[in-house]
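Engineer:
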Amino acid sequence: MLIRKASDIPSSEITPHSVYLRRREFLGASLGLAALAAFPDATRAAQIAAAKSPYSTDETPTRRADATSYNNFYEFGTDKADPSAKAGSLKTSPWSVKIDGLVGKPATYTLEDILKPVTLEERIYRMRCVEGWSMVIPWVGFPLADLLKRVEPQNAAKYVAFETLVRPEEMPGQRGLFQPLSWPYVEGLRLDEAMHPLTILATGMYGETLPNQNGAPLRLVVPWKYGFKGIKSIVRISLVDKEPPTTWNKLAADEYGFYSNVNPEVDHPRWSQATERRIGEGSGLFAKRRPTLMFNGYGEQVAQLYSGMDLRANY
Ligand SMILES: Nc1nc2c(c(=O)[nH]1)N[C@H]1C(S)=C(S)[C@@H](COP(=O)(O)O)O[C@H]1N2
Ligand SMILES: [Mo]
Numbered sequence: 012m013l014i015r016k017a018s019d020i021p022s023s024e025i026t027p028h029s030v031y032l033r034r035r036e037f038l039g040a041s042l043g044l045a046a047l048a049a050f051p052d053a054t055r056a057a058q059i060a061a062a063k064s065p066y067s068t069d070e071t072p073t074r075r076a077d078a079t080s081y082n083n084f085y086e087f088g089t090d091k092a093d094p095s096a097k098a099g100s101l102k103t104s105p106w107s108v109k110i111d112g113l114v115g116k117p118a119t120y121t122l123e124d125i126l127k128p129v130t131l132e133e134r135i136y137r138m139r140c141v142e143g144w145s146m147v148i149p150w151v152g153f154p155l156a157d158l159l160k161r162v163e164p165q166n167a168a169k170y171v172a173f174e175t176l177v178r179p180e181e182m183p184g185q186r187g188l189f190q191p192l193s194w195p196y197v198e199g200l201r202l203d204e205a206m207h208p209l210t211i212l213a214t215g216m217y218g219e220t221l222p223n224q225n226g227a228p229l230r231l232v233v234p235w236k237y238g239f240k241g242i243k244s245i246v247r248i249s250l251v252d253k254e255p256p257t258t259w260n261k262l263a264a265d266e267y268g269f270y271s272n273v274n275p276e277v278d279h280p281r282w283s284q285a286t287e288r289r290i291g292e293g294s295g296l297f298a299k300r301r302p303t304l305m306f307n308g309y310g311e312q313v314a315q316l317y318s319g320m321d322l323r324a325n326y
């Protein structure tokens with residue numbers, strides 16, 4: 012069993028976040044938290060105190076430097092290095108999210124409104140991109156279900172649709188002649204997927220606020236699905252009764268389906284999905300390949316969401 016359930020873990024084993032912070036490689040063995048304050052780093056986001064969630068994997072997190080420099084965020088360009096080089100121009104404060112559609116409490120909520128009542132947790136999740144690479148990321152976030160319950164979904168709501176910011180002045184990938192995608196970037200989940208306890212909205216990673224390139228100030232994380240479902244810099248969440256359009260499906264419907272559950276048994280039309288390269292574990296000829304796990308290893312928690320469904324037809 013790769014992921015332990017909350018009930019399996021004695022509270023003594025749940026690492027307080029401060030302990031985790033002290034263990035982090037970039038601090039070095041002898042540096043404590045005080046050292047962070049003594050050597051402030053303007054590029055380093057603010058620390059977030061968050062208890063480690065029992066939903067975390069105990070696999071070793073990817074180096075922070077890799078997770079913040081090898082990104083997909085097409086609003087800043089299509090190269091993996093573009094987001095870290097160019098996302099600094101994005102203004103993430105003030106920020107608000109319009110929540111509308113089939114809810115009892117539609118409104119435009121400020122980020123502060125959204126975060127005030129939530130308890131942030133650290134969730135160390137395996138992440139798997141459809142392109143064949145994977146990472147292990149210590150996210151800081153809270154269950155999307157907590158927010159959805161607060162806005163009171165109506166009975167007719169069956170899906171949740173998400174939208175990213177459109178702001179070409181601050182997003183160079185949205186300017187110029189070559190527009191790789193249509194904006195806004197949109198994604199969606201079935202309501203039961205959105206309400207699943209593994210589905211979180213992240214505001215941070217590695218114990219700090221999210222770097223812009225990773226989707227600041229608020230992004231979706233769905234660890235059993237391919238990375239592109241994790242829509243970044245969210246400005247709108249709509250509860251709807253029909254399956255909403257998704258960006259990659261609009262671009263190439265035969266390659267990217269609505270569900271996009273990690274599935275080693277179904278090849279992408281242009282490549283196998285059977286193995287993956289864990290970022291940081293060698294490159295080129297020396298890249299080690301790991302077997303890709305069904306539902307990215309989260310099957311025990313999520314397979315029942317799809318019982319009776321043909322996962323080849325619903326890819
Ligand atoms: N708005 C937006 N969200 C996005 C993308 C994007 O281009 N735009 N890329 C997706 C893809 S393909 C992946 S793999 C993940 C990457 O997240 P990371 O950079 O935090 O690893 O973000 C997803 N979310
Ligand atoms: Mo991706």
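Sequential numbering of the sequence shown, starting at 12, is according to this note's numbering. We treat Cβ as the ideally placed atom computed from N, Cα and C, and that holds for glycine.
Whose beta carbon lies closer than 5 Å to any heavy atom of ligand 1, going through the chain in order?
Structural biologist: Asn-82, Asn-83, Phe-84, Tyr-85, Cys-140, Thr-175, Tyr-196, Asn-225, Gly-238, Phe-239, Gly-241, Ile-242, Lys-243
Engineer: So is Gln-165 buried or exposed if we call it buried at 16+ other beta carbons inside 10 Å?
Structural biologist: exposed
Engineer: Could you tell me the distance, in whole angstroms, from the CA atom of Tyr-101 to the CA atom of Ala-213?
Structural biologist: A small fix is needed here, since residue 101 is Leu in this sequence, not Tyr. So the alpha carbons of these two residues sit roughly 17 Å apart.
Engineer: Assign Arg-137 to one of two classes, buried (16 or more other C-beta atoms within 10 Å of its C-beta) or exposed (fewer than that).
Structural biologist: buried
Engineer: Is it right to say Phe-37 is buried, meaning 16 or more other beta carbons lie within 10 angstroms of its own, or is it exposed?
Structural biologist: Here Phe-37 scores only 35 on pLDDT, less than 50, and its place in the model is too uncertain to base an answer on.
Engineer: Give the range of the beta strand (DSSP E) segment to which Trp-144 is assigned.
Structural biologist: 144-154
Engineer: Assuming Thr-103 and Ala-264 form a contact by the criterion Cβ under 8 Å, report the distance between their Cβ atoms to the nearest whole angstrom.
Structural biologist: Going by Cβ atoms, the distance from Thr-103 to Ala-264 rounds to 32 Å, so no, they are not a contact pair.
Engineer: With respect to 7 Å, is the separation between the Cβ of Glu-133 and the closest non-hydrogen atom of ligand 2 below this value?
Structural biologist: Glu-133 Cβ: outside cutoff for every heavy atom of ligand 2.
Engineer: Would you kindly report the start and end of the unbroken beta strand (DSSP E) that includes Pro-302?
Structural biologist: 300-302
Engineer: Mapping the DSSP letters down to three states, classify Arg-137 as helix, strand or coil.
Structural biologist: strand
Engineer: Would you say Glu-142 touches ligand 2, meaning its beta carbon is less than 7 Å from a heavy atom?
Structural biologist: yes
Engineer: Among Ala-62, Glu-204, Ala-98, Thr-175, which has the Cα closest to the Cα of Gln-312?
Structural biologist: Glu-204
Engineer: Have a look at Pro-302 and Thr-210 and give me their C-alpha separation to the nearest angstrom.
Structural biologist: 23 Å
Engineer: Consider the Cβ of Gly-319: report whether some Cβ of chain D lies at a distance smaller than 8 Å.
Structural biologist: Going by chain labels, chain D is absent from the structure shown, which holds only one protein chain.
Engineer: Span of the beta strand (DSSP E) holding Val-313?
Structural biologist: Here Val-313 belongs to no beta strand (DSSP E); instead the alpha helix (DSSP H) covers 310-313.
Engineer: Using 8 Å as the threshold, is the region 66-74 in touch with the region 186-194, meaning 3 or more CB pairs across them?
Structural biologist: Between the region 66-74 and the region 186-194 there are fewer than three C-beta pairs closer than 8 Å, too few to call the two in contact.
Engineer: Rounding to the nearest angstrom, what Cα-Cα distance links Leu-188 and Leu-229 in this structure?
Structural biologist: 28 Å
Engineer: Leaving out five residues before and five after Leu-176 in sequence, what residues of the same chain have Cβ atoms less than 6 Å from its Cβ?
Structural biologist: Ser-244, Val-246
Engineer: Flag this pair as yes or no: are the beta carbons of Asn-274 and Ala-98 separated by less than 8 Å?
Structural biologist: no
Engineer: Given this structure, state the Cα-to-Cα distance separating Pro-280 from Gly-268, to the nearest angstrom.
Structural biologist: In this structure, the CA atom of Pro-280 is about 12 Å from the CA atom of Gly-268.
Engineer: Between the alpha carbons of Asn-75 and Met-146, how many angstroms are there, rounded?
Structural biologist: Reading the sequence as shown, one finds Arg at residue 75 and not Asn. Distance between the alpha carbons of Arg-75 and Met-146: 10 Å.
Engineer: Does DSSP put Asn-325 in a helix, a strand or coil?
Structural biologist: coil
Engineer: What does the alpha-carbon distance come out to for the pair Leu-322 and Thr-73?
Structural biologist: 30 Å
Engineer: How is Pro-94 classed by DSSP in three states: helix, strand or coil?
Structural biologist: Residue state, collapsed to three classes: helix.
Engineer: By DSSP, does Tyr-85 sit in helix, in strand, or in coil?
Structural biologist: helix
Engineer: Would you mind working out which of Glu-219, Met-182, Glu-123, Val-108 sits nearest Thr-79, comparing C-alpha positions?
Structural biologist: Glu-219
Engineer: Identify, in the order they occur along the chain, each residue of the same chain with its Cβ nearer than 8 Å to the Cβ of Ala-168, setting aside the five sequence neighbours on each side.
Structural biologist: Gly-112, Leu-113, Val-114, Leu-202, Leu-250, Val-251, Asp-252
Engineer: Using the three-state DSSP reduction, which class does Lys-63 fall into: helix, strand or coil?
Structural biologist: Residue state, collapsed to three classes: strand.
Engineer: Based on the DSSP output, what are the partners of His-279 in its beta bridges?
Structural biologist: Trp-282
Engineer: Using a Cβ-Cβ cutoff of less than 8 Å, which residues in the same chain neighbour Asn-260 once the five nearest sequence positions on both sides are dropped?
Structural biologist: Tyr-267, Gly-268, Phe-269
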